[in-house]
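Visitor: Here's a structure for you.
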Amino acid sequence: METNVVRALYKKNIYVGIFILLILAAMVSSGDYIQSNQEYKKCNNLFFSGGSGTASDPYQISNVTELQNVRENLGAHYMLINDIDANETKDWDGGKGFDSLGEYPEFPNFGKSFTGSFNGNDYKIINLVINRSDSDYVGLFGHIHANSVIQDVLLCNINIYGNNYVGGLIGYNDGDMNNCFSTGKTKGNCNVGGLSGLNNGFISNVSSSCNVSGHENIGGLIGENNGI
């Protein structure tokens, strides 16, 4: 009799254990699914105020942190949705400030050029600071690929300091730059301009009143122009 009771209790405990394991498995599976969704959202819109990054639905940028997040996807499409005060960048990275978007495609930075599009929508980016005197390809954008378009960007009271290929908007431009303007200061060694340090691309309807200083190939608008 006692043996039968023990066996019954043993079987019951096995069934309960299996039931608990099934519940735990379902919870883990559900948790993984939620986590995957969260990661998907993080990659697609948590870094920005809206949009999906396509040409027809660009990522929407409303603050300077989102502007810096462009580095997370250099091949997407972006647009500003309001003016941005970037004054806080003066304290970023131990005083080095904003980190330029895109780098020239040379070792070890192959594939790190900006290849998307950026529409400023005539909104202002104010008080942007970059203080990287030991870095080349410095500006809001470090390097723009030939297929890229930057348009309707207004940079006001910027303070940009780099080594070679330094510009308020673009350090080294191989793409299209349309309807852009800059005020403030740009400083570097070689190929320094108010908007672009070196231009190999196409520019139209652009202007700058930046105070530009350097040692070689210095220009109020473009440091060295090999484009149109």
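Okay, so the sequence shown: first residue is 252 according to the numbering used here, each after it adds one.
In this text, a Cβ means the ideal position worked out from N, Cα and C, and glycines have one as well.
Using a C-beta cutoff of 7 Å, does valine 389 count as contacting chain B?
Guide: The displayed structure is made up of one protein chain only, and chain B is not part of it.
Visitor: DSSP beta-bridge partners for serine 447?
Guide: Ile421 and Ile473, per the DSSP bridge assignment.
Visitor: Run the CB neighbour count on threonine 305, radius 10 Å, all protein chains shown included, and call it buried at 16 or more, exposed below.
Guide: Result: exposed.
Visitor: Could you tell me if aspartate 334 is buried or exposed, where buried requires 16 or more neighbouring beta carbons within 10 angstroms of its beta carbon?
Guide: Burial call: exposed.
Visitor: Need the endpoints of the alpha helix (DSSP H) that valine 315 sits in, please.
Guide: Where valine 315 is concerned, the enclosing alpha helix (DSSP H) stretches over 315 to 319.
Visitor: How long is the line joining the alpha carbons of aspartate 373 and leucine 331, rounded to whole angstroms?
Guide: Computed Cα separation, rounded: 8 Å.
Visitor: Checking 7 Å against the spacing of the C-beta atoms, do tyrosine 329 and phenylalanine 365 come in under that value?
Guide: No, the Cβ-Cβ distance between tyrosine 329 and phenylalanine 365 is not below 7 Å.
Visitor: Decide if glutamate 354 is buried, meaning its Cβ has at least 16 other Cβ atoms within 10 Å, or exposed.
Guide: Label assigned to glutamate 354: buried.
Visitor: Find the nearest neighbour of isoleucine 312 within the set Val463, Ser433, Gly371 and Ser447, judged by alpha-carbon distance.
Guide: It is Gly371 whose Cα lies nearest to the Cα of isoleucine 312.
Visitor: What number of angstroms, rounded off, separates the C-alpha of aspartate 387 from the C-alpha of leucine 352?
Guide: Cα to Cα, aspartate 387 sits roughly 12 Å from leucine 352.
Visitor: Would you say glycine 346 and valine 389 are within 7 Å of each other, going by their C-beta atoms?
Guide: No.
Visitor: Between which residues of its own chain and valine 321 is the CB-CB distance below 7 Å, once the five residues before and five after are set aside?
Guide: The residues are Tyr329 and Leu352.
Visitor: Could you give the DSSP three-state label for asparagine 456: helix, strand or coil?
Guide: Looking at asparagine 456 - three-state DSSP - the assignment turns out to be coil, as it is neither helix nor strand.
Visitor: By how many angstroms is the C-alpha of glutamine 319 removed from the C-alpha of glycine 471?
Guide: Going by the C-alpha atoms only, they are around 26 Å apart.
Visitor: Closer than 7 Å by C-beta to asparagine 415: which residues in its own chain qualify, once you throw out the five before and the five after it? Chain order, please.
Guide: Here the set comprises Asp387, Gly439, Asn440, Cys441 and Asn442.
Visitor: Given aspartate 385, which residues of its chain have a CB within under 7 Å of its CB, disregarding the five upstream and five downstream residues?
Guide: Asn414.
Visitor: Assuming contact is defined by CB atoms lying nearer than 7 Å, are leucine 379 and threonine 340 in contact in what I supplied?
Guide: A contact, by the Cβ cut-off of 7 Å.
Visitor: Please classify serine 464 as buried or exposed, where buried requires at least 16 other C-beta atoms within 10 Å of its C-beta.
Guide: Per the 10 Å Cβ criterion, exposed.
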